[in-house]
Structures are given as C-alpha cells and as structure tokens.
Amino acid sequence: MSTLDRQPAGVAQVGVGTRAVPPGMDATEWSLRLDLAACYQVFDFLGWHESIFNHISLRVPGAQHHYLVNPFGLNYAEVTASNLIKVDLAGVNVDASPWRGNPAAFAIHGAIHSARDDAQCVIHTHTTAAMAVACKRAGLRHDDFYGALLHGDVGYHDFEGITVRTDERDRLVASLGRHNVLVLRNHGVLVTGTSLPHAFFRYWTLQRACEVQAASLAMEGPDVILDEAVRRQSGRDASAFDPAGSLPRVVFDAVVRRMDLVRSRQTVDWRS
Ligand SMILES: [Zn+2]
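Residue numbers 346 to 617, in this note's numbering, belong to the letters of the sequence shown in order.
Have a look at this one:
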C-alpha cells in the first residue's frame, strides 16, 4: 500500500457537505454519502462520466462490507447523497430503494471490497485517455511526471468480456494484487484508496498521466525515456511527499469548491 493512503493525523477534515443528517440516517454514513455524491458530481464536472455507466463505490463501516454505489440509470449529474444505493457484496440492496445497481459494478467492486480491507473506495472508468492506454501492450508509461509517481503501483488484467461473471472475481483480485491501480486491458482503469479523497487523488494522477501519454505518443519525434532508477525514486517521492496524509482531502475539497463556483455562474436555462 502506498503511503499516499495514510490518513491525516490531527488534521481536521473539512468535508464537502453541510446538509443536516436525515432522520434515521447514521451520521458517518451520511458524511460518506455526501463525499461520494460530490465525487460523482466532480466526475461529471471534469468530463470523466460515461453516460450512466462506470462506477465509484465507497464502503460504509461495519463487518458486512456494505458499500454505496450509483443507481443504474442516472447520469452522474443526477446522483445525490440520498439516492446512492447501499448494497452487500453480492450486489443486493441493503435498504429500500427504487433503484438497483449495475451488475457489472458488483462483479468488480464487490470482489475488491471483499478482498482488500484497505480498498475503502474503488473508482472504475472508461475515459478515452484511460481506455487508450489500456489498449496499448506496454500499458501505462512512467516517463512523465504523473506516470512516474505511479511507478510500482500498477497491475494489469486481461480482457474477458463484460465483467458480469462471478468466476472472474478471483482473477481480478489476483491481477490487482497489492497495487492500487489496475489497468483493465482493452477496457479501462480502476483505482483503490483508503478513503474517497485518497482514491480521487490517485485517480486524478492516473487520468492526467493517461492524457499526457496519449498526447505525447501522438506527437512526432522520440520521447525522453526515464531511467528505471528515476522512476523508482519518483514512486518513493510520491509516497513520502505527504507524510500526514492530508493532501488528498485538501485536493478533493478544492475541486468540489471550484465545481460549485463554476456551476453557480451557469444561469442558462437550456429548456427555455
Ligand atoms: Zn468497465
């Protein structure tokens, strides 16, 4: 596990939500719901959504390994703290909800939440840059700033079709191993984190690395290839950069604030 996953020590968590806890709702779960809903909104804001597909899941406290995930059929911009569904590891709704999840989400996310206690949050996407990298035999390169930061933390999983068959679960978990990034060949990417901000920050780094790699490979002329020792050092530097583990929360809250600010200026009623 990367030390990027260290939890803040003595740092007050700012959090993204101020809405009062609904009656009957556990306060911790509500806080997690606000974070996860904010994350879906941010993915929409940053253009990382995939219509109603792909998933970001977040475990809730408890021995049952229940987790929150998006209702299948909603755009990311429509996901709220209240309409997130809570499911067990088989993907069965735990609470009453008119919504169900995407079966493909359960195969991937249920498997990882079940196998990795440190994987509190799992993010899976099909962004163009991520899929382009996933289609390359060499996978993610570690020759740019962001790619180098992820050195030593990337696993690979061969494509077997849509991830709806339960027998693929064990192979997915084995492919991930102790890494926090998994390139699903010909398919997309997946990251894990010990909290939602940690997974978000790791995903942000990965997304930027994939975008830079795609742009670099499209340009004429040879790339500057980093020495393996420099790549390794970059991975270690990333782990040591934030010993308190507070940076992911700072980054995530800042992105949420920027999203709120930009959206507050959008006053066009497109149906008018
Ligand atoms: Zn997928």
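C-beta: ideal position from N, C-alpha, C; glycine also.
Exposed or buried, what is residue 466 when buried is set at 16 or more other beta-carbons lying within 10 Å of its beta-carbon?
buried
Buried or exposed (CB count within 10 angstroms, at least 16 for buried), residue 615:
exposed
Kindly examine ligand 1 and report whether one of its heavy atoms sits closer than 7 Å to the Cβ of residue 446.
no
Note down, one range per segment and in chain order, each alpha helix (DSSP H) of at least 4 residues found wholly within the region 359-423.
372-390
CB of residue 449 to nearest heavy atom of ligand 1: below 7 Å?
yes
How is residue 509 classed by DSSP in three states: helix, strand or coil?
coil
With a 10 Å radius around its C-beta and 16 neighbouring C-beta atoms as the bar for buried, classify residue 542 as buried or exposed.
buried
May I ask you to check if the CB of residue 533 is nearer than 7 Å to at least one heavy atom of ligand 1?
yes
Following a CB-centred definition, is residue 415 positioned closer than 7 Å to any heavy atom of ligand 1?
no
According to DSSP, is residue 529 part of a helix, a strand, or is it coil?
strand
Is it a yes or a no for the region 471-485 touching the region 421-432, going by three-plus beta-carbon pairs under 8 Å?
no
Reduced DSSP category for residue 557 - H, G, I as helix; E, B as strand; rest coil:
helix
Simplified DSSP state of residue 499, which is helix, strand or coil:
strand
Would you call the region 539-555 in contact with the region 594-614, where contact means no fewer than 3 C-beta pairs closer than 8 Å?
yes
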